[in-house]
Each structure stands twice: as structure tokens, then as C-alpha cells.
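Reading through the C-alpha cells given below for one structure.
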Amino acid sequence: MALDSKVPKGPIKDKWTDYKNHINLVNPANKRHIDVIVVGTGLAGGSASATLAELGYNVKAFAYQDSPRRAHSIAAQGGINAAKNYQGDGDSTYRLFYDTVKGGDYRSRESNVYRLAEVSANIIDQCVAQGVPFARDYGGLLDNRSFGGVLVSRTFYAKGQTGQQLLLGAYSAMNRQIARGKIEMFNRHEMLDVVIVDGKARGIIARNLVTGEIERHSAHAVVIASGGYGNVYFLSTNAMGSNVTAGWKVHKKGAYFANPCYTQIHPTCIPRSGDYQSKLTLMSESLRNDGRIWVPKHLDDVKAIKEGSKRPTELTEDQRDYFLERRYPAFGNLVPRDVASRAAKERCDAGFGVNATGEAVYLDFAAAFERYGKEQAKIQNISNPSEGKVKELGQAIVKAKYGNLFQMYEKIIDENPYETPMMIYPAVHYTMGGVWVDYNLMTTIPGCYAIGEANFSDHGANRLGASALMQGLADGYFVLPYTIGDYLADDIRTGQIPTDSPEFDAAEKDVTERIAFFINNKGTHSVDYYHKKLGKIMWDKCGMSRNEAGLKEAIEEISALRKDFWQNVNVPGTDTEYNEQLAKAGRVADFLELGELFAKDALVREESAGGHFREEHQTEDGEAKRMKDFQFVSAWEYKGEPKDAVLHKEELAYENIEVKERSYK
Amino acid sequence: MNLTLKIWRQKDASSKGQMIDYKVTEISGSMSFLEMMDVLNEQLVNAGEQPVAFDHDCREGICGMCSMYINGEAHGPDRGVTTCQLHMRMFKDGDTITIEPWRAASFPVIKDLVVNRSAFDRIQHAGGYISVNTSGNTQDANSIPISKHAADEAMDAATCIGCGACVATCKNSSAMLFVGAKVSQYALLPQGQVEAADRVRNMVAQMDLEGFGNCTNTGACEVECPKGISLDNIARMNRELMKANI
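Protein chains in written order, with this note's numbering: chain A, 1 to 665; chain B, 1001 to 1246.
Following this line, the structure appears as C-alpha cells:
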């Protein structure tokens, strides 16, 4: 099947408006007879469920957590971008579009990104109307901060809990529709397969995680909003339950999976401390607004710090290497995430890592304390303030901005970051790859859509900070509700989809057989044993930098591990009760397939772009080297084993942006 | 360190539960409490036993899933943290740690340490929202200035993660801190004024219907709340309810 991205014709700034003016609509009376399934209730799924229900469709929403409010969007800290230009610093729709395409290393689809930038301003209006308590200045107007990879302040925030507040906003919109009966909410349920009838997605098989019951749910369209697959690395900043299963199931039923190798490794995470570690904790990128990143200039000092004979605060300015400021004077500490992460890795690989594992760099707020402290002293009319007073005043400002992050850090590391610089190291955070979708956000299965992090379309090879929340809500509130109507307009006479068809029988049979296998296998190793092994292969060979030999090994090793898993996995308990190990076994089984496709995708992509860094393809200064021949989306078609997956290419054309070397110097 | 764990085990909602003792060894102080539980569960799975079921997800203190009653305190002995952020450095070698699920009639046990908190969702369905469609045709976000003070206070209320520690802690199993926080968020903002009276009436009615107790001003909820939600929110809710009923 040839890929058709269905991008409307016309100038980029008119595409979306024009498209909306010409699509088919479903009249309100008919919407009442149309059902839509939404899998996942994060920002994308939650906002889509609410809006579709408001429009009049019958929505069935599914979450594996005990409430939609707990989806992992809730953990996003820093903010959400929008081209409001409230700061009058030259922002515009075009500039947000430009920054996003450039930030994505020219590997995203122009038309989708422009639409995202176009609706971004509406998101802020919408959220404020819902009562989202964004930060405000003393005049009562909305405040902004700046994020990596851009030169304007366009990020709206609610303390360090922006994702939480936006998700609670979407959750409140859902609640209103749940109360009206327009959304039927299935908490503690997991989608285990999609059902295709006459070539169209017509329902799902879900498992009730409390009772173990297998359920059939039909609908006229299925929306996958199940987030990213960063947990393929075992250790990531994702929630423990985040998984690829919904996306992978639709992939196996015909949806192409795009750019699996594009993974974002976030620079400001708390370094790992031991083998028992279950997850990594991220601290918002906004910290880089005020924190300066450094390692000691001399290896002697590194040694002294590791031995405990020197403290980092004892090092003078000229003994420190502010490596981002040194290498990237224009953007400094605010270079995009992929660039910042690789620079930290480079220093640590050269032996300058400052903790016991050698995998940590400093994030220092001393300069911010001083800068804010002096400013506050002026405001408060304190003449000749002492050094201590300046620090105290400055710390108060920093505390107001990032207090919760400082507290979080202190609880985990047991060190006071107001007194000693924080230690940070990159960790897996977000996956730009995902299910391939066209301009309508429809996958290659008719009637099956993918939104938010689950799809691939907007961030190219690297996502800019504060853009995930923007994309999730844009897809859910403002894009999908239009595009899905165009498809559903053909379904007004279809009537309810029966669940007693052979297609449902077959899908349910597959699901129950797989569960029975897990329960009856009684093998020798736990599910986590395999997940950790997979994670180690992924991190070592498909992590921050990749090479041909490593990727080939990864493919072999993952394939062997998968075989072992299907022979020796041990799942305790039964299938008719709350059984977390059983749920996890299914998720890890899917990660074991995705991981191999991931490595294969990384192997085929003979270039460096954004989060995908191939050691063979770098400039003399060690920067990522993009190749013109690879200006395409890799969309993989499932053919059984991951090694047999077939590559389809969507060529990317840039008509409104000149493709340049991505420089932040 | 080596520890003895006394853990509540209950097969399902209808079975009778009991405390069972377990031993874990070589626990490091920089492990989180849930990582210590992972160690125990891996041990149990490898021994062919059923692992202890507990709710958890983000493991960074924001999703509100984790919910353990540790040594008689919701989320354990540390302050301002959820169970997943509690670290083992708070305990000593040789300690015996008692671990129970949230205990409240309105939060029935599903299995072991997992409870059903859907009552919280139903309270929100009753009015925890502003009735505005997500059409994108709302007015510009800056058209209504909101004082920084009001916005900050609303944010402090909105920071609630809905974990239920307040209910578990309260001798009356009252949910008033939770409901008060949601009512307050909207009561403090101009957007929430239109429906303020109905909202507080409906949410409080649902709260009572779910069987949560009333507040007797002990203040334990505020102390145990991982997000530091203030008792002021309960006062504000009472005031809103009074205003609505006059």
C-alpha cells in the first residue's frame, strides 16, 4: 500500500481553514448513533473524549489506571507552548512552526506542524476558560517562561505542575460528560486487541484488570491515545505502567509504525543510584532557564570531588567548564534536549562525570541566586545588602519558581540543592516515533486514529520542550474532533456494530490464548527479569548514540531474548483476579517485538538526526550529521517477525522552510 | 539494612484479610519504599508465591496512585511526600514496618494494598468542572485579569493529587480536604463563579452519599497530605456551602 499523507492543497497558512470548510459533517441527531472508542485518557485521549462527547458522539474511554486523572501526562512539569506573543518578543505562528520543524531536525511533516502552531493559541484560551490556574504576573496577566531551542518566551506554566493542571482540566471536561452519560468510562481496563471488520477498525478487546474478565467493545472508530513507548528501556521517566501495547496491537493489525528509533533522552534527570532502581525522575527543563550546567575543567578536581575531599562549591569559576555555554554561545544552557544530552554524555565519557557512577554533571543555581537577589534588593529598597542577604532573597525567588523540583531532588538524593549544585544526567523521556498517521490523524487502518505521543507526526527526530502538552491537547481538542467527523459521516446509517461477529470471536480467542499461555507456562524467570535485560540492551546499543555493529548485536540479542521469554517466563496467580504480573507480561511481550523493530529502524537510518545519533555520521565537531537521502519518514509494515517488517517511505518536502544545518552556536 | 514487613494480604474484596510477616535483606537507604516492595515481590515471584498487589504508576509523587498506610501513617513517616517518594533512609536496620491499605468504608479493598477510590471520581462528576465546551471559541485568555494572589491560591488548591491520604488519615474518614480543595480552586477564580452555588451543593451531597464522614477539625489530613493542601480549603468550602444555601 502506498502511503498517502492526505495533506490538503494550497498555501500552508490556509490548509487547515480550507480543509475544515470542505469536510463532511455529521448532523447532531446522527452523532447520537455513532460510538467512538478512545484508548488512554492523558492529555490527548482525555481532551478527545471530552470534545467528542460534547459534539454528541457516544464515547467509551479506557484507562489502565484507576482514574483518568492519573495518566502520565500528569507528570509533565515545565509548561505548554503557544504562539500568543503576549511578551511582544516577536513570536508568531510561523515562528513556532519554524522552531518546531528545526528543533525536530527537519524530520516532521510541515503541514501537521503548521496546524499545531496555528491552534496552539486556542489551547491557552480553552484551558483558562476551564479554570486551569496558570501562573500570572502582578498585573493579573499570564506569565511566560522560555524553553530550550527557541529565542522567545512562549511557554505557559502552572508552577512545576503544568501537565497536572492541564490534565485535570481535560479530566474536568470529561467529568462533565461522564455525568451526562456521554462518556462511559472504563477505569482499570486494558486494550488487548483491535477488531477489524470489513477492513475498518470497529472495536477492541479489553481486559478488566480487577476481575480479569475479557470484554468486547464495538464502535464506529477507534482512537489510540496510549502515549509513548519509552519503557522499552525499562528505566525511563515514564510511569511504571506506560506501555506500547495498544499501538503495537494496531500495528500488528495493519497500522504502519513510524520512526521507532526517534527517542528523546532528556538532559535534566536525577542520576541513577543502583541496580534496584525502578524508574528515573525527570526535573523540568525549565530549570535550565536559571541553572548553569558544568563539570570541573581538570580531572584532578573530578577525582577530589568523587573522593569527597573537595566540594563543588569550592571550585572557582576558572576551574569549571560550562560546556554548553562554551560550545553553544548563542543558546548556551538552552540548547535543545538532544544537543544538551549528548554534550553531557561526551563530558562524562571523557571522565568528567561527578558522582560515583561517573554519570552526572552539575546544574548550578548560584548565579541565579545572585542575579535575582540583587534585583529583589533593589525592589525592596535594601541598600548594600550582604552576600548572605542577596543569596537569601535570590533563593526565595528560585524557590517560588521551582520549589517543588528542589524538594523532589532533595528527597531522592538527600542533598540540599540550595547549598550544593544539583547533579543531573540524561534519561529516556519521550518517543517521537509512533503509529503512522495521515493529516487526519488516521492510521493506515481505516477508522483507527492515533493521537498525542502515540503518533509520530509533529516532532520529527526531536521534540522541543513544552511541545508534548501542546500536541496532546491540539490533537484532542481541536484536530481529531474535526477530522474524525469527515470519516464518520459515512457511518450515519451503519447502526450499532455487533460484537458477536466472527471478527470479534477471532480477536477474543487470540487474546485469551495468550493469557492462558502466560498463566500456564510456569517458567523460571520473572517478567521483570526479561524487561530489565531488554532495557539494558536498548540503553547500551540503542541509547544516546548508536553504531552499526551495536545495532546488529541488539537485533540478535533481542530476538534471542524474546525466544527465551516465550519459553521461560513465569507469571504467578490466575487470570481471573487482579494480577499485575500478568498485565505486565503482555506489555513486555510487545516491548520485546518493538525493541527489535526499533534497532532495525536505527540501523537502516544511515544518518544522525535529532535524538537518533549514529556514530558513523557526525561532523568534525561531533554534531549530528543529517543526510539528504534520508529526508523521509520510515513507516514499517508488520509482516510477522520484526526482522521481516517492510519499510515504506513518506518523503518529506519542505516548501515553507529552508532546510539548513541545525546550528545552535 | 534488614527489615521485617507486616503486610495486609487480602485476596479480593469479598475475602477476609490478614497481616502476614515477610523479611527483606540488604535494603539500601537510597531505595524508594516502592523499590523495596519491588525487591520483596521479586523474591515472592521467584519463590512461586503471589506478589503483594499495590497501586503505583508515576513513581514521582504526582499521579496519586500509590497509597500505603505505613506504620500508622498515610504515605509513611516522611512529610510532604507520597509513598513512592518515601525513601528507606527514613528507617533503621532491624525495623519492623507495618503496611496496610487505605482504611475507609468508602474505599473498599480490591486486593492486598489496592483500594477502590472511584468515590472521588463520582464526587468530581457531580460538579468538579466549569461548564464550558472545548470548542476553542472562548475569549482570549488574557481578557480577564486574575490577581496573582487568587491565581496562586487556586493553584495551591488545585495541586491536590487525589490520592486519598486525607481520608485514610481522618478518624471520621472525611473527604472534606479533597472536596474543599476542588471547590476552592473554582471558588477563587472568576471562571468558577457562575456555577459556584450548584457546584458546592452537588459535590458535598455526593460526598455525603458516598459515606465519607464529616470534619471535626483535627487537622491530621493537612499534616499527612503529600501536597500540603491547607485546612483553609475546608473553611472555604463550608463558607461556599453556607453562601449557596442562604
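Beta carbons are placed, not taken as given, at the ideal position from N, Cα and C, and that holds for glycine.
- Within chain A, no residue has its CB atom less than 7 Å from the CB of residue 1093 of chain B, the nearest being about 17 Å off.
- Residues of the segment 1145–1159 of chain B that bring their beta carbon within less than 7 Å of a beta carbon in chain A comprise 1145, 1146, 1147, 1148, 1151, 1154, 1155, 1158, 1159, in sequence order.
- Within the same chain, Cβ atoms closer than 8 Å to the Cβ of residue 373 of chain A are found at 385, 389, 390, 391, 392, 393, 394, 395, 397, the five residues on either side in sequence being excluded.
- The C-alpha of residue 128 of chain A is placed about 13 Å away from the C-alpha of residue 473 of chain A.
- Closer than 7 Å to the CB of residue 46 of chain A there is not a single CB belonging to chain B.
- Between residue 141 of chain A and chain B, the shortest Cβ-Cβ separation is below 7 Å.
- For a Cβ distance threshold of 8 Å, residue set 1011, 1012, 1111 of chain B lies close to residue 577 of chain A, ordered along the chain.
- Between residue 602 of chain A and residue 558 of chain A a beta carbon distance of about 12 Å is seen, past the 8 Å cut, so the two are scored as non-contacting.
- Here residue 1021 of chain B carries a strand assignment [DSSP, helix/strand/coil].
- Per DSSP, residue 436 of chain A is not a residue of any alpha helix (DSSP H), being assigned neither H nor E.
- Annotated three-state conformation of residue 632 of chain A is strand, per DSSP.
- Per DSSP, the unbroken alpha helix (DSSP H) holding residue 16 of chain A starts and ends at 12–22.
- Boundaries of the alpha helix (DSSP H) around residue 1149 of chain B: 1148–1158.
- Residue environment analysis places residue 471 of chain A among the buried positions, since at least 16 neighbouring C-beta atoms fall within 10 angstroms of its C-beta.
- Under the DSSP definition of a beta bridge, residue 1069 of chain B partners with B:1074, B:1100.
- The secondary-structure analysis by DSSP pairs residue 200 of chain A across a beta bridge with A:197.
- From the beta-carbon of residue 1053 of chain B, the residues of chain A found nearer than 7 Å are 578, 580.
- Per DSSP, residue 530 of chain A lies in no beta strand (DSSP E) segment; the continuous alpha helix (DSSP H) that holds it begins and ends at 527–541.
- As the crow flies, the alpha-carbon of residue 1203 of chain B is around 28 Å from that of residue 1058 of chain B.
- The C-beta of residue 241 of chain A comes closer than 7 Å to at least one C-beta of chain B.
- Among the residues facing chain B, residue 335 of chain A is not included, as its CB has no counterpart in that chain under 7 Å away.
- Of the residues assessed, residue 1023 of chain B falls on the exposed side of the cut-off, its CB having fewer than 16 other CB atoms within 10 angstroms.
- A Cβ-Cβ contact shorter than 7 Å links residue 66 of chain A with residue 187 of chain A.
- Residue pairing by DSSP puts residue 1007 of chain B in a beta bridge opposite B:1020, B:1099.
- In this chain, the beta strand (DSSP E) harbouring residue 185 of chain A covers 183–186.
- At a cut-off of 7 Å, the C-beta of residue 427 of chain A has no neighbouring C-beta in chain B.
- For residue 331 of chain A, there is no enclosing alpha helix (DSSP H), as DSSP gives it neither H nor E.
- For the segment 58–78 of chain A, the set of residues with a beta-carbon nearer than 7 Å to any beta-carbon of chain B comprises 65, 66, 67, 69, 70, 72, 74, 75, in chain order.
- In the structure shown, residue 191 of chain A adopts extended strand secondary structure according to DSSP, grouped into three states.
- In this structure, the beta-carbon distance from residue 244 of chain A to residue 233 of chain A does not fall below 7 Å.
- Judged by DSSP secondary structure, residue 564 of chain A falls within the alpha helix (DSSP H) whose first and last residues are 548–568.
- Residues are counted here when their Cβ sits less than 7 Å from a Cβ of chain A; for the segment 1159–1187 of chain B these are 1159, 1162, 1185, 1186, given in chain order.
- Secondary structure note for residue 520 of chain A: its alpha helix (DSSP H) is the uninterrupted segment 502–521.
- Taking the Cα of residue 643 of chain A as reference, the smallest distance to any Cα among A:168, A:555, A:582 is reached at A:555.
- For residue 584 of chain A, the closest of A:636, A:597, A:515 by C-alpha to C-alpha distance is A:515.
- Comparing alpha carbon positions, the residue from B:1170, B:1160, B:1186, B:1206 closest to residue 1230 of chain B is B:1160.
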